[in-house]
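Let me begin by presenting the structure, written as structure tokens, before commenting on it.
Number of protein chains: 2
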Amino acid sequence: MTAVSNHDVPVPRIDARVRQVCDAVGHFIEYWGFKSIHGRVWTLLALRRTPVAQTDIAEFFDVSRSLVSAAVSQLSEYGLVRATEEHRNAPYEAVVDVWPTVSDVLRGREWMLVEAARVAIEGALEEAEVAGAGDYDIDRLRFLGALTELAQTFLRLIIGLRVPRRLDGIGDWVKRAARVMRTLRALG
Amino acid sequence: MTAVSNHDVPVPRIDARVRQVCDAVGHFIEYWGFKSIHGRVWTLLALRRTPVAQTDIAEFFDVSRSLVSAAVSQLSEYGLVRATEEHRNAPYEAVVDVWPTVSDVLRGREWMLVEAARVAIEGALEEAEVAGAGDYDIDRLRFLGALTELAQTFLRLIIGLRVPRRLDGIGDWVKRAARVMRTLRALG
DNA sequence: GAAGTTGTTCACAGTTTCGTGAACAAGTTT
DNA sequence: AAACTTGTTCACGAAACTGTGAACAACTTC
Chain G
3 MTAVSNHDVP VPRIDARVRQ VCDAVGHFIE YWGFKSIHGR VWTLLALRRT
53 PVAQTDIAEF FDVSRSLVSA AVSQLSEYGL VRATEEHRNA PYEAVVDVWP
103 TVSDVLRGRE WMLVEAARVA IEGALEEAEV AGAGDYDIDR LRFLGALTEL
153 AQTFLRLIIG LRVPRRLDGI GDWVKRAARV MRTLRALG
Chain L
3 MTAVSNHDVP VPRIDARVRQ VCDAVGHFIE YWGFKSIHGR VWTLLALRRT
53 PVAQTDIAEF FDVSRSLVSA AVSQLSEYGL VRATEEHRNA PYEAVVDVWP
103 TVSDVLRGRE WMLVEAARVA IEGALEEAEV AGAGDYDIDR LRFLGALTEL
153 AQTFLRLIIG LRVPRRLDGI GDWVKRAARV MRTLRALG
């Protein structure tokens, strides 16, 4: 695929649309601790019918091969992408079932953060009992403690959740989830 | 409060514990699009029984007054903190009910991101119908579209949710939420 | 096996982010 | 009103992040 032959083959218009989808997913997951390039690469692999080589990916997004190499290797570690063959130059495909990874991230990252807060609050409460609360409002501290436990309850449950993997059945899932959430909302 | 008199007054040990709590909260909210200093300042104000001046805040965290000034003014815009009097040097207190702000953030930030993805996917699907799908798997594209709608359903419901404001009653809330989440889990 | 292609590594440039300190404005105290 | 304290603004460093290009290693093809 040299420059000359490339000149004669017009880029399909669908490519531009798919690129927009990849960018949107990239932006979205940027707010979830991943990098934009990870979302873009995963989305492209998820949408392509056949596995894609790193060179193609780099060309598609107009970025360097080094960037794609790093992104693919990290996505591979996360288990979000896999090589279709054994050898080094094998093209990659997306792992469509991303929930195990999302679940792991929540368990690893969010849980640790909340747990650190809970421990700190616990320590402050003990110190307050021993040496006095000083300028601080102990009830507020207890409230924060209760909130961390609430967060941990949710995290535990969300981690155990099952998210639909295939297209069929997702409609029902949405409806049932909506009904349950309405119930939850009424309780608040 | 000069350097000399300060030398004689030992820093209460509870302060160090509270600082740890503030740091933990700061780290946590860093993953939610805010800055660490915002979480630290809000937490200190929330835990102090009386309003706090900016100079005190800066001293407490050992950061510059300029940083605190910016942080407080942004927290003020968010409605997470408020001056207790009208004049410029008034000390600040925390707004404990943070849910309206969290809700706004979700509505503003997350919704826009998901909506952008949905629109892009919609466009790609239309293009595929007109000009053909090329190398792409249309079912996968439809699946992504269904996921964005699922996400939007959840966002809509979460935005309408009520989170407890006071300490009393939070225990019940946690229990009921847990029961509902177990139900949801069983559906998945 | 020589030449070309693909993936990896690494030092580096461009940008963004975080926080500082100095200068200034606003308010307080004596 | 002079001296001091407090809050604001802004230009600026330090550090982190993103992506690049060149050099190299692993593979393929002719």
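In order, the protein sequence lines correspond to chains G and L.
What the first sequence shows, in the working numbering, is residues 3 to 190, in sequence order.
What the second sequence shows, in the working numbering, is residues 3 to 190, in sequence order.
Where is the CB? At the ideal position from N, CA and C, for every residue including glycine.
As the structure is a computational prediction, the values presented were derived from the model and not from experiment.
(request) List the residues of chain L that residue 99 (chain G) touches, going by C-beta distances under 9 Å, in chain order. (result) For the purposes of this step, residue 99 (chain G) is taken as the residue at position 97 of the first sequence. Those do not exist, as residue 99 (chain G) stays about 11 Å from chain L at its closest Cβ, beyond 9 Å.
(message) So, with DSSP's three-state summary, where would you put residue 70 (chain L)?
(response) The residue labelled residue 70 (chain L) in the question sits at position 68 within the second sequence. Helix.
(request) To the nearest angstrom, report how far apart residue 150 (chain G) and residue 149 (chain L) are at their CA atoms. (result) Taking the first sequence and counting its residues from 1, the one referred to as residue 150 (chain G) is at position 148. Taking the second sequence and counting its residues from 1, the one referred to as residue 149 (chain L) is at position 147. Linking residue 150 (chain G) to residue 149 (chain L) through their CA atoms gives a straight-line distance of about 29 Å.
(request) Enumerate in chain order the residues of its own chain whose CB-to-CB distance from residue 93 (chain L) is below 7 Å, with the five nearest sequence positions on each side excluded. (result) Against the second sequence, residue 93 (chain L) aligns to sequence position 91. Around residue 93 (chain L): 53, 54, 55 and 86.
(request) Taking only heavy atoms of the ligand GTP into account, decide whether any of them is closer than 7 Å to the Cβ of residue 151 (chain L). (result) This structure does not include the ligand GTP; it has no bound ligands of any sort.
(message) Any C-beta of chain G within less than 8 Å: which residues of the region 83 to 94 of chain L qualify?
(response) With the criterion set as a beta carbon lying under 8 Å from some beta carbon of chain G, the region 83 to 94 of chain L has no members that meet it.
(message) Taking the straight line between their C-alpha atoms, what separation do you get for residue 6 (chain G) and residue 60 (chain G)?
(response) For the purposes of this step, residue 6 (chain G) is taken as residue 4 along the first sequence, with counting starting at 1. For the purposes of this step, residue 60 (chain G) is taken as residue 58 along the first sequence, with counting starting at 1. With a pLDDT of 40 at residue 6 (chain G), under the threshold of 50, the predicted position of this residue should be treated as unreliable, and no value is reported.
(message) Which residues in chain G have a C-beta closer than 7 Å to the C-beta of residue 123 (chain L)? List them in chain order.
(response) Position 121 of the second sequence, counted from the start, is the residue given in the question as residue 123 (chain L). The answer, in chain order, is 23.
(request) From the DSSP output, in three-state form, read off residue 2 (chain L) for me. (result) Residue 2 (chain L) cannot be examined here, being either before or after the span of chain L that is shown, 3 to 190.
(message) If you reduce the DSSP assignment to three classes, tell me which class residue 96 (chain G) lands in.
(response) As a position in the first sequence, residue 96 (chain G) is number 94, starting the count at 1. Note: residue 96 (chain G) maps to strand in three-state DSSP.
(request) Taking 8 Å as the cut-off, decide whether the C-beta atoms of residue 29 (chain G) and residue 77 (chain G) are in contact. (result) As a first step, residue 29 (chain G) must be located in the first sequence, where it is residue number 27. As a first step, residue 77 (chain G) must be located in the first sequence, where it is residue number 75. Taking 8 Å as the Cβ cut-off, residue 29 (chain G) and residue 77 (chain G) do not qualify as a contacting pair.
(message) Can you check which of these residues, L:155, L:99, L:16 and L:128, is closest to residue 116 (chain L) by C-alpha distance?
(response) The residue labelled residue 116 (chain L) in the question sits at position 114 within the second sequence. The candidate whose alpha carbon is nearest that of residue 116 (chain L) is L:155.
(request) Name, please, each residue of chain L whose Cβ falls closer than 8 Å to the Cβ of residue 142 (chain G). (result) Taking the first residue of the first sequence as 1, we reach residue 142 (chain G) at position 140. Simply 48, 49 and 98.
(request) Note down, in chain order, each residue of its chain lying with its Cβ closer than 7 Å to the Cβ of residue 100 (chain G), except the 5 sequence neighbours on either side. (result) As a position in the first sequence, residue 100 (chain G) is number 98, starting the count at 1. Cβ within range, chain order: 82.
(request) Check whether the region 103 to 114 of chain G touches the region 65 to 73 of chain G, counting contact only when three or more Cβ pairs, one atom from each stretch, lie closer than 8 Å. (result) As far as the Cβ criterion goes, the region 103 to 114 of chain G does not touch the region 65 to 73 of chain G, which means the pair count is below three.
(message) I want to see whether chain L comes within less than 8 Å of residue 19 (chain G), judged by CB atoms only; does it?
(response) As a position in the first sequence, residue 19 (chain G) is number 17, starting the count at 1. Cβ-Cβ to chain L under 8 Å: yes for residue 19 (chain G).
(message) I need the DSSP call for residue 13 (chain L), collapsed to helix, strand or coil.
(response) Against the second sequence, residue 13 (chain L) aligns to sequence position 11. DSSP places residue 13 (chain L) outside both helix and strand once states are collapsed to three, so it counts as coil.
(request) Note down, in chain order, each residue of its chain lying with its Cβ closer than 6 Å to the Cβ of residue 31 (chain L), except the 5 sequence neighbours on either side. (result) As a working note, residue 31 (chain L) is residue 29 in the second sequence. Cβ within range, chain order: 41.
(message) So with CB distances below 9 Å, who are the chain L contacts of residue 36 (chain G)?
(response) Within the first sequence, the letter at position 34 stands for residue 36 (chain G). Those within 9 Å of residue 36 (chain G) in chain L number zero; the least Cβ separation is about 12 Å.
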